[in-house]
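So the structure is just underneath, and the comments pick up after that.
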Amino acid sequence: MFKSKSLKLILLAAVVIFTTVFSSLGSGVLAASLTNDFNQLNQSQIVSEMGAGWNLGNQMEANIDGMPWEDAWGNPKITQALITKIKSLGFKTIRIPISYLKKIGAAPDYTIDATWLARIKEVVDYAFNEGMYVIINMHGDGYNTITGSWLLVNSNDQATIKAKYQKVWQQIANTFVNYDEHLIFESMNEEFDGNYSNPNPTYYANLNAYNQIFVDTVRQTGGNNSARWLLIPGWNTNIDYTTGNYGFVIPTDTYRSATIPASEKRIMISVHYYSPWDFCGDNSGTITQWGATATDSYRKSTWGQEDYMDSQLKAMYDKFVTQGYPFVVGEWGAVDKTSADSTNNKYRQIFAKTICSYCKKYGGVPVVWDNNYNQAYGFGLLDRKTMTVTQQGFIDAIISGIGADTTNPGVLGDVNGDKVVDALDVALFKQYLLGKVTVTPEALKVMDFNNDNSVDAIDFAMLKKLILGPIY
Numbered sequence: 001m002f003k004s005k006s007l008k009l010i011l012l013a014a015v016v017i018f019t020t021v022f023s024s025l026g027s028g029v030l031a032a033s034l035t036n037d038f039n040q041l042n043q044s045q046i047v048s049e050m051g052a053g054w055n056l057g058n059q060m061e062a063n064i065d066g067m068p069w070e071d072a073w074g075n076p077k078i079t080q081a082l083i084t085k086i087k088s089l090g091f092k093t094i095r096i097p098i099s100y101l102k103k104i105g106a107a108p109d110y111t112i113d114a115t116w117l118a119r120i121k122e123v124v125d126y127a128f129n130e131g132m133y134v135i136i137n138m139h140g141d142g143y144n145t146i147t148g149s150w151l152l153v154n155s156n157d158q159a160t161i162k163a164k165y166q167k168v169w170q171q172i173a174n175t176f177v178n179y180d181e182h183l184i185f186e187s188m189n190e191e192f193d194g195n196y197s198n199p200n201p202t203y204y205a206n207l208n209a210y211n212q213i214f215v216d217t218v219r220q221t222g223g224n225n226s227a228r229w230l231l232i233p234g235w236n237t238n239i240d241y242t243t244g245n246y247g248f249v250i251p252t253d254t255y256r257s258a259t260i261p262a263s264e265k266r267i268m269i270s271v272h273y274y275s276p277w278d279f280c281g282d283n284s285g286t287i288t289q290w291g292a293t294a295t296d297s298y299r300k301s302t303w304g305q306e307d308y309m310d311s312q313l314k315a316m317y318d319k320f321v322t323q324g325y326p327f328v329v330g331e332w333g334a335v336d337k338t339s340a341d342s343t344n345n346k347y348r349q350i351f352a353k354t355i356c357s358y359c360k361k362y363g364g365v366p367v368v369w370d371n372n373y374n375q376a377y378g379f380g381l382l383d384r385k386t387m388t389v390t391q392q393g394f395i396d397a398i399i400s401g402i403g404a405d406t407t408n409p410g411v412l413g414d415v416n417g418d419k420v421v422d423a424l425d426v427a428l429f430k431q432y433l434l435g436k437v438t439v440t441p442e443a444l445k446v447m448d449f450n451n452d453n454s455v456d457a458i459d460f461a462m463l464k465k466l467i468l469g470p471i472y
């Protein structure tokens, strides 16, 4: 009797364990163990902590004939002193563009060159030593114009590309599995087919597939990778092609850690901003002024001014931030045209302050592009060899913009910011209380009817009373 009862208990326990394990596997949610130093930051916290960022451009993505090395394009070897200098200027985030190309071995393992991977890790450590946030990506591998590129949406052999992509990101993720929340992986850079017209739907579907492979692969390596923020782009990091009806799909995050609150996301959206290009990047010297204070209409572009910039970043807010996905303007900038117009720096600084303040307003992180070219028509902000700052005014504008108080007292109850308090505001307020949307800090201020620093059902009732009159 005793033996029979024991056997039944053992079998019952086995069934329970079996059922529990396979139910867990079926859910796809990893209850991964995070290191003690990993901090779970929500949407607003991560954006605030990242502040303003700087690109270590033309360095780890530099290559000649498809072979990457950090000084291939003439820039000096990266040092701890350089990163320390960047931190001292007020930047809190550093983006490190990285190419792999011929540093990847043959199928089926696609092993990354160990020395190259170790150097990437060393440079990341420089930034970690300064307490900075770090974005690392796969940069030059997706350009049709680069020798040895392979991550091509317009290639016929998508099966091979996807297998290679999965193996490469698996190695990168495993290398950094125990790094804390300061490290953010970016799936790729300006991924497109080289055609600047509307996206090809089939090719866009390939891009979406890469992003899904990236998220699944990183998450399934476990540890801190199961909960860290991941950054993904749409077509060519173009805002219109990412927010509009062109085919962008946010990856599912099936394998994320169960420690992440159900109401929170851990995916960011990557875009770039160089508009208008004739001011930001063109080297003809014709368009040198920008914004409402420009004094020479012939030196100012006919489009792309403050209202356009605001509408672009608001589109990111409306499409993604309200759903819990922050955005990163992973590249932006305006080249130095003072050789053509001595007033150019004034307008570059206005541009810099404006985009950073708009990013803050709409829940994004601005990361300025710096290619270490400090002469005419360069994006450089400092000389990496001498550590001499060449664009202090531009840097000051960035730090001022990201620190600007964008608070607008607004109209009490105007949740959607359209200057009218109506049923739309009631609907949006209700969605917020149900945890289905997030709102800007400015909106939270006009939602707090009783001024108790908390937005809750009491405030919602007061808004309904304002709209509908007394409720009996």
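Residue 267 in this note's numbering sits at position 267 of the sequence shown, with consecutive numbering throughout.
All C-beta atoms, glycine included, are put in the ideal place defined by N, C-alpha and C.
{"Check": "Buried/exposed call for Val21, threshold 16 Cβ in 10 Å", "Outcome": "Bear in mind that a pLDDT of 38 at Val21, under 50, signals an unreliable position, so the model cannot answer this."}
{"Check": "Exposure of Trp235, with buried meaning 16 or more beta-carbon neighbours within 10 Å", "Outcome": "buried"}
{"Check": "Length of the line joining the Cα atoms of Leu151 and Asp157", "Outcome": "10 Å"}
{"Check": "Check whether Lys103 and Pro68 have beta carbons under 7 Å apart", "Outcome": "yes"}
{"Check": "Presumed contact (8 Å Cβ cut-off) between Arg119 and Gly53, rounded CB distance", "Outcome": "About 21 Å; that fails the 8 Å criterion."}
{"Check": "Secondary structure of Leu95, DSSP reduced to three states", "Outcome": "According to the sequence as given, residue 95 is Arg; it is not Leu. Arg95 falls in the strand class under three-state DSSP."}
{"Check": "Sequence-distant residues of its chain with Cβ nearer than 8 Å to Asn144 (five each side left out)", "Outcome": "Leu152, Asn154, Asp193 and Gly194"}
{"Check": "Tyr241 burial status per 10 Å Cβ neighbour count (16 or more: buried)", "Outcome": "buried"}
{"Check": "Check whether Thr35 and Asn225 have beta carbons under 7 Å apart", "Outcome": "no"}
{"Check": "Exposed unless 16 or more other CB atoms sit within 10 angstroms - verdict on Gln375", "Outcome": "exposed"}
{"Check": "Backbone secondary structure at Phe327 - three-state DSSP", "Outcome": "strand"}
{"Check": "Neighbourhood of Ala352 by C-beta distance below 6 Å, restricted to the same chain and skipping five residues each side", "Outcome": "Phe394, Ala397 and Ile398"}
{"Check": "Range of the contiguous beta strand (DSSP E) that encloses Leu231", "Outcome": "Leu230 to Pro233"}
{"Check": "C-beta contact flag for Gly66 and Thr147 at 7 Å", "Outcome": "yes"}
{"Check": "Buried or exposed (CB count within 10 angstroms, at least 16 for buried), Tyr317", "Outcome": "buried"}
{"Check": "Spatial distance of Tyr347 from Thr79 (CA atoms)", "Outcome": "32 Å"}
{"Check": "Short Cβ contact (7 Å threshold) for Ile83 with Tyr126", "Outcome": "yes"}
{"Check": "Span of the alpha helix (DSSP H) around Pro441", "Outcome": "Pro441 to Met447"}
{"Check": "Range of the contiguous beta strand (DSSP E) that encloses Val215", "Outcome": "That residue, Val215, is in no beta strand (DSSP E); its alpha helix (DSSP H) goes Pro201 to Gln220."}
{"Check": "Minimum length 3: unbroken beta strand (DSSP E) runs contained in the segment 282-337", "Outcome": "327-332"}
{"Check": "Distance, Leu463 Cα to Met50 Cα", "Outcome": "34 Å"}
{"Check": "Selection from Ile135, Ile213 and Glu191 that minimises the alpha carbon distance to Ala159", "Outcome": "Ile213"}
{"Check": "Of the listed residues Ser33, Ala163 and Leu117, nearest to Tyr110 (C-alpha basis)", "Outcome": "Ala163"}
{"Check": "Rounded C-alpha distance that separates Ser257 from Arg219", "Outcome": "8 Å"}
{"Check": "Cβ distance (whole Å) where Tyr274 is taken to contact Gln312 below 8 Å", "Outcome": "With a Cβ gap of about 11 Å, Tyr274 and Gln312 do not count as contacting."}
{"Check": "Inter-residue spacing [alpha-carbon to alpha-carbon] between Val123 and Leu434", "Outcome": "43 Å"}
{"Check": "Nearest to Lys430 (by Cα), restricted to the options Asn208, Lys445, Ala461 and Phe449", "Outcome": "Ala461"}
{"Check": "Separation of Asn238 from Ser197, as counted between CA atoms", "Outcome": "11 Å"}
{"Check": "With 16 other Cβ atoms within 10 Å as the buried cut-off, status of Ala227", "Outcome": "buried"}
{"Check": "Straight-line Cα distance separating Asp456 from Ala334", "Outcome": "43 Å"}
{"Check": "Cβ-based neighbour list, His139, same chain, cut-off 6 Å, excluding 5 preceding and 5 following", "Outcome": "Glu61, Pro97, Ile98, Ser99 and Asn189"}
{"Check": "For Asn63, the three-state DSSP class (helix, strand or coil)", "Outcome": "strand"}
{"Check": "Per DSSP, cross-strand counterpart(s) of Pro366", "Outcome": "Val329"}
{"Check": "Test item: CB-CB of Glu191 and Gly247 under 7 Å", "Outcome": "no"}
{"Check": "Cβ shell of Asn371 (< 6 Å), same chain only, five flanking positions each side left out", "Outcome": "Gly57, Asn58 and Phe379"}
{"Check": "Status (buried if at least 16 other CB within 10 Å, exposed otherwise) for Trp303", "Outcome": "exposed"}
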